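Each remark here refers to the structure printed beneath this line.
There are 2 protein chains.
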Amino acid sequence: MSKRPKKSPKQPLVEQSGPTFPAGLNQIPLLQILSAQDRQKVLGEMTETRYGKGQYIFREGDPTEYFHIVKEGSVKCVKSSLDGKECTLKVLMPGDLFCCDASAFDGASHPGTAQPMGDVSVLRMKKEAYFKMLRGNPDAAMEVIRYLGNRLNEAQEKAKVLALDRADQRLASLLVNLAERSGVQEPNGIRVSVRLTRQDMANMVGVTTETAIRIMARFKKERLVSGTAARLVVRDLPKLRLLAST
Amino acid sequence: MSKRPKKSPKQPLVEQSGPTFPAGLNQIPLLQILSAQDRQKVLGEMTETRYGKGQYIFREGDPTEYFHIVKEGSVKCVKSSLDGKECTLKVLMPGDLFCCDASAFDGASHPGTAQPMGDVSVLRMKKEAYFKMLRGNPDAAMEVIRYLGNRLNEAQEKAKVLALDRADQRLASLLVNLAERSGVQEPNGIRVSVRLTRQDMANMVGVTTETAIRIMARFKKERLVSGTAARLVVRDLPKLRLLAST
DNA sequence: CTCAAAACATGACAATAGTCATGTTTTATT
DNA sequence: AATAAAACATGACTATTGTCATGTTTTGAG
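Quick look at the structure:
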């Protein structure tokens, strides 16, 4: 819920074009479903692009031309209101698809902004090629349906939390999700592998930065979490889970 | 956000089994996409069921066995928190699909409750038959992808509104949506064709019933709306739209 | 290493929305 | 038409969260 509009990006996008063959393409369910030859074909049609801090993958209102897959790093999906407040709807991780949906049809424009969180690498493909691929691969189409259904459930669960829970409960839910979905076990707890400032967390649960700071300070005092931003550790998952659903 | 748990339903479901041929099957994009013979086949595999007030189509936690289409009337998708508060995530209208998604896979259970709003008629189909149909009909699969994508965008827009807007703005958004999506032009405004009490509206925007009543009273005084429940009329759509995004 | 920017922190106060209590009106049902 | 149940309404008070101001600490770029 930050009010200060973000500075616009300075550098042009660093682009590494051409067919992408090797590397960490495991982790991507959609590609693994394809037969070896279909996968080669699809990879030949995809371009890998890297983005860094301060850049945008695309912005709210831009025309929709590509289907995307996160290959490395995290990408946040953000929407803004007219008065400059913004909220983060989803953090995409490697293997996540975006613009695999309706916005990609109908010649519409992007309903939100996609922003890298640190350095990321994204695969993308012209939407026409993507649709053709889906039509020719029932397995791929079913995988996309499964994926979108999961995203829809997730989004609805998020709406429920926003509608019914207090700020501290929403933050607790967020921490539980992060620990479960991107947590790394450590001696003193579960470290969240994505760099998240209090402001980021605030934007994810619909509160002001000050409120997020105050609640996190309380959580820290109660030994539920420790650390900030790059070194955020969940120390008591059960208690947080309890708080989230009380 | 009602706290009083709803009374459980008394009557068993009224069921009208067997193949469903005629009637208002226009309005259903997914069926219209199919070839005449595929459509006949699918209709032969679908069962029409009617539900009335106080009944449930399915409840949160029930096992997922069927794919559903709303044929007549409106269905609300509801989630509850442990302490009995509930929120309405979506009102489904004729042509809307539900359980077309991931929850239907994985042998999972329903993430929310589906409740008729007044009398409704629903078509349903065993999920195995549904999946088989999708695999054999790329056009149908693409339509479901398109549909799910739209639902996801809608859910994310809803999350944004819940995260960033005040109660009166959220209610204004709701009224704008209702007027646009189920509105009937009338001499003094746009009547909302779904019966909606203040409590229903409260559950849709994540406020208490009292707050919804107070805000609606204010809107009435300002001539933005008139009427209650069965006769809710939006009198000044532009002003509401403005308020929603201010 | 330096220094500016970003992130974190905290207090005082204001605005918003929830809670509880109570009463009236409307709506269905017999 | 009678009557019980829902829905609508309103006041008084409380809890939660936002706003604004100000200061400290941490981080990252040069």
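Going down the list, the protein sequences come from chains A and B.
The numbering of the first sequence is our numbering, which starts it at 109 and goes up by one.
The numbering of the second sequence is our numbering, which starts it at 109 and goes up by one.
Note that the Cβ used here is the ideal one computed from N, Cα and C, for glycine as well.
Just so we're clear, the structure is a prediction, and the values are computed from it rather than from any experiment.
- Residues of chain B with a Cβ closer than 8 Å to the Cβ of Gln264/A are, in chain order, Cys185, Lys187, Leu197, Lys198, Pro219, Gly220 and Ala263.
- In this structure Ala212/B is in contact with Phe175/B, their Cβ atoms being roughly 6 Å apart against a cut-off of 8 Å.
- Close partners of Val178/A in chain B (Cβ separation under 7 Å) are lacking, with about 16 Å as the shortest Cβ gap.
- For Thr317/B, the uninterrupted alpha helix (DSSP H) run begins and ends at Thr317 to Lys329, by DSSP.
- Collapsing the DSSP output to three states places Met201/A in coil.
- For Lys187/A, the secondary structure class from DSSP, reduced to helix, strand or coil, is strand.
- DSSP, reduced to helix, strand and coil, places Gly152/A within a helical segment of the structure shown.
- Short of 7 Å from the beta carbon of Ile323/A, and not among the five residues preceding or following it, lie these beta carbons of its own chain, in chain order: Ala275, Asp276 and Leu279.
- Annotation for Glu288/B: the continuous alpha helix (DSSP H) segment containing it runs Ala275 to Ser290.
- Gln163/B carries a coil assignment under DSSP once its states are collapsed to helix, strand and coil.
- Listed in chain order, the positions of the region 270-286 of chain B with a beta carbon within less than 7 Å of a beta carbon of chain A are Leu270, Ala271 and Leu272.
- Leaving aside the five residues that flank Ala320/A on each side, the residues in its chain whose CB is nearer than 6 Å to its CB run, in chain order, Arg306, Met309 and Ala310.
- Straight-line measurement puts the Cα of Phe239/B at about 17 Å from the Cα of Ile141/A.
- The residue from Gln264/A, Asp191/A and Glu168/A with its alpha-carbon nearest to that of Lys184/A is Glu168/A.
- Using a Cβ distance threshold of 9 Å, Gln163/A and Pro224/A count as a contacting pair.
- In the three-state reduction of the DSSP assignment, Pro137/B falls in the helix class.
- Within chain A, no C-beta atom comes nearer than 8 Å to that of Met241/B; the closest sits roughly 11 Å away.
- Leaving aside the five residues that flank Val284/B on each side, the residues in its chain whose CB is nearer than 6 Å to its CB run, in chain order, Leu348, Arg349 and Ala352.
- Look at Asp209/B: its C-beta is under 9 Å from a C-beta on chain A.
- Here the region 244-256 of chain B makes no contact with the region 281-297 of chain A; the two share fewer than three CB pairs at distances below 8 Å.
- Nearest to Val300/B by C-alpha distance, out of Arg343/B, Ser143/B and Asp146/B, is Arg343/B.
- Tyr255/A sits close to Cys208/A, with the two beta carbons spaced by under 9 Å.
- Contact annotation: in the region 304-333 of chain A, residues whose CB is within less than 7 Å of a CB in chain B are Gly314.
- Contact annotation for Pro137/A against chain B: no contact, minimum CB-CB distance about 12 Å [criterion: below 7 Å].
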